[in-house]
Each structure stands twice: as structure tokens, then as C-alpha cells.
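Before any comments, here is the structure.
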Amino acid sequence: MNDYLECPFCKKIFALTKDTFYEACPEFDSNNWKNYKQKNSEDKIEYLHLDTSGLIIQFNKCPACKKVTIDIIGAGSQFPEGFRRRIFPASQAKQYPNYIPSHILKDYTEAYDILELSPKASATLSRRCLQSMIRDRWKVNEKNLYKEIDAISDKVDANTWDAIDALRKIGNIGAHMQKDTSLIIDIEPWEAEKLILLIEVLIKSWYIDMHEREKLFEDIVSIKDSKEKLGFEK
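Under numbering that gives the first Met the number 0, think of the first position of the sequence shown as 0, with each following residue one higher.
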């Protein structure tokens with residue numbers, strides 16, 4: 000477990016201590032809960048009945064906004080290795096300004112929501128999100144994403160172009176049937192999450208940074224206009 004966490008609500012990073020971290024494990028054959036404070040605690044941690052159905056619940060409280068994040072972790076043998084779900088907040092997707100097209104944010108959020116359940120479907124949604132962003136931001140509309148990415152090769156830097164073309168190819172694993180139907184290519188959750196992180200980078204670069212830059216320019220011109228009204232000579 001990491002010793003720090005980024006709050007999904009206020010985006011502040013905080014240390015996990017006895018004041019911000021709490022862990023509990025329900026006993027399957029009992030109505031009682033055995034609770035533990037793990038960080039900075041001298042208590043010995045012993046989990047009962049974790050041989051098959053054990054479940055660990057972690058609570059993290061942000062010291063800045065006071066909101067709680069809740070994760071569940073499968074500790075018994077019936078859970079797949081690395082089983083972990085965030086149950087509150089329901090989505091890890093970031094909240095973005097409403098000037099970003101809603102259909103883009105919808106695909107982005109859904110890609111995060113199904114990340115663990117179906118990484119392949121998540122990658123496909125990231126691919127669709129990328130295509131929507133290219134069409135909206137760069138005003139290109141070709142017959143397929145391959146041609147649309149090729150059409151913006153002179154509008155983005157080489158590293159960005161390589162990354163978005165790689166996203167297209169990875170997203171194709173879920174979007175298109177393989178010619179060899181016996182060939183099964185899986186996508187791991189951490190791989191699908193990398194695609195979502197790229198979408199976040201593009202949202203910031205193509206929308207947020209551009210919006211903030213335009214707002215700054217408008218503010219500076221507005222300041223100049225207000226000074227001229229006071230008699231400032233050009």
C-alpha cells in the first residue's frame with residue numbers, strides 16, 4: 000500500500016496516518032466487525048476467515064476537505080489476484096469544466112467506470128473518446144480513425160502523435176475482431192488505465208490550456224481597455 004493518496008474530491012495529496020487511514024475486516028460467521036487502525040499503530044493485525052471469502056475495507060479521510068474514500072480488497076482465495084474496487088466515490092474519473100463537450104466526458108467517465116471489470120471495453124471507449132476529441136478539436140472527419148490521426152500529424156508534436164496512434168491500435172483490440180479468431184489478446188487494467196491517462200493529458204492540452212490561454216488574453220485586453228477609459232494614452 001502506498002503511504003500517500005490523492006483525494007479524488009479536492010485533488011490534495013495527503014499522508015496515510017492513524018488520523019487519515021482506517022481498515023476493517025468483516026468476519027463471515029459473526030455479526031461482529033473487527034476493526035483495525037493500521038498506520039502508526041502498534042496493534043498486531045490478525046485477519047480471521049480470510050482463507051476463501053475474506054474482504055478488507057479501507058477508509059481514507061482527506062484532512063483538507065474531510066471527505067472519505069472507500070476501497071474494498073479481496074483477501075481470500077476466491078478473489079482474483081489484485082482484486083480491488085473503489086466503492087466511493089463510484090468513479091475515479093476527474094471532474095472537468097462544462098466547456099468540454101459532454102459526449103467526450105461521458106466516454107471518458109465510462110472508460111474509468113469499467114476499467115477493472117473489462118479493461119478491453121475500457122480501451123475501446125478511450126479509443127472512441129480520442130476520435131471524438133480529434134473531430135471536435137481539429138475539425139477533421141475522415142472515414143476512420145487511422146486517417147483522422149494521419150490528418151493531424153502536422154498539428155501535434157511527434158511524441159503526442161505516436162502516443163495517440165498507439166492508443167488507436169490498442170483500442171482496436173476491443174473494437175475489431177482479429178483475423179485469426181483463435182488469437183486472444185487481453186488488455187490488463189493497468190494498461191487500459193494508461194490510455195485513460197493519455198486522454199486526460201489531451202483534455203488538458205487541447206481544451207483546458209487553450210481555454211485558460213484565451214481567457215488570459217481576453218483579461219489583458221480588458222485591462223488595457225479599462226485604462227484607456229481613464230485617459231491612458233496609447
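Each residue gets a CB set at the ideal place from its N, CA and C atoms; glycine is no exception.
Please read these numbers as outputs of a predicted model, since none were measured by experiment.
query, result
"Can we say the region 84-95 touches the region 110-123, given the rule of at least three CB pairs closer than 8 Å?", "yes"
"If we count the other Cβ atoms within 10 Å of its Cβ and call it buried at 16 or more, is Leu15 buried or exposed?", "buried"
"For Tyr46 and Ile71, I'd like the C-alpha separation in whole angstroms.", "Legend: pLDDT at Tyr46 = 47, less than 50; position of this residue unreliable, no value from coordinates given."
"Please report the residue range of the alpha helix (DSSP H) in which Gln130 lies.", "Pro118 to Trp137"
"Between the Cα of Lys142 and the Cα atoms of Lys223, Ser152 and Gln130, which residue gives the shortest distance?", "Gln130"
"Which term fits Ser103, buried or exposed, when burial requires 16 or more other beta carbons within 10 angstroms of its beta carbon?", "Per the sequence shown, residue 103 should be read as Ile rather than Ser. Classification for Ile103: buried."
"Using the three-state DSSP reduction, which class does Ala89 fall into: helix, strand or coil?", "coil"
"Under DSSP, the beta strand (DSSP E) around Val67 begins and ends at which residues?", "Val67 to Gly73"
"Could you round the C-beta distance between Ala122 and Ile163 to whole angstroms and report it? I think they count as a contact, below 8 Å.", "At roughly 13 Å, the Cβ-Cβ gap does not stay under 8 Å, so Ala122 and Ile163 are not in contact."
"Considering just the uninterrupted stretch of the beta strand (DSSP E) at Phe216, what are its terminal residues?", "First-last for Phe216: Asp208 to Lys228, but that is the alpha helix (DSSP H), not the beta strand (DSSP E)."
"From this set, Ile202, Leu215 and Ile55, which residue's C-alpha is nearest Trp137's C-alpha?", "Ile202"
"Thr159 to Glu192, Cα distance in whole Å?", "17 Å"
"Less than 8 Å between the C-beta atoms of Gly53 and Ala23, yes or no?", "no"
"I'd like to know whether the C-beta atoms of Ile198 and Ser125 end up nearer to each other than 8 Å.", "yes"
"Using a Cβ-Cβ cutoff of less than 6 Å, which residues in the same chain neighbour Gln57 once the five nearest sequence positions on both sides are dropped?", "Glu22 and Asp70"
"Quick one: does Tyr107 have its CB under 8 Å from some CB of chain C?", "Absent here is chain C; the protein component of the structure consists of one chain."
"Can you give me the Cβ contacts of Leu144 inside the same chain, cut-off strictly under 6 Å, excluding the 5 residues immediately before and after it?", "Gln130 and Arg167"
"Going by C-alpha to C-alpha distance, which of Thr19, Asp149 and Ser225 sits closest to Asn59?", "Thr19"
"Quick one: grab the DSSP three-state call for Ala157.", "helix"
"Does Tyr21 come out as helix, strand or coil in the three-state DSSP assignment?", "strand"
"Could you compute how far the alpha carbon of Leu196 sits from the alpha carbon of Asn140?", "24 Å"
"Measuring straight from C-alpha to C-alpha, what distance separates Arg212 and Ile55?", "46 Å"
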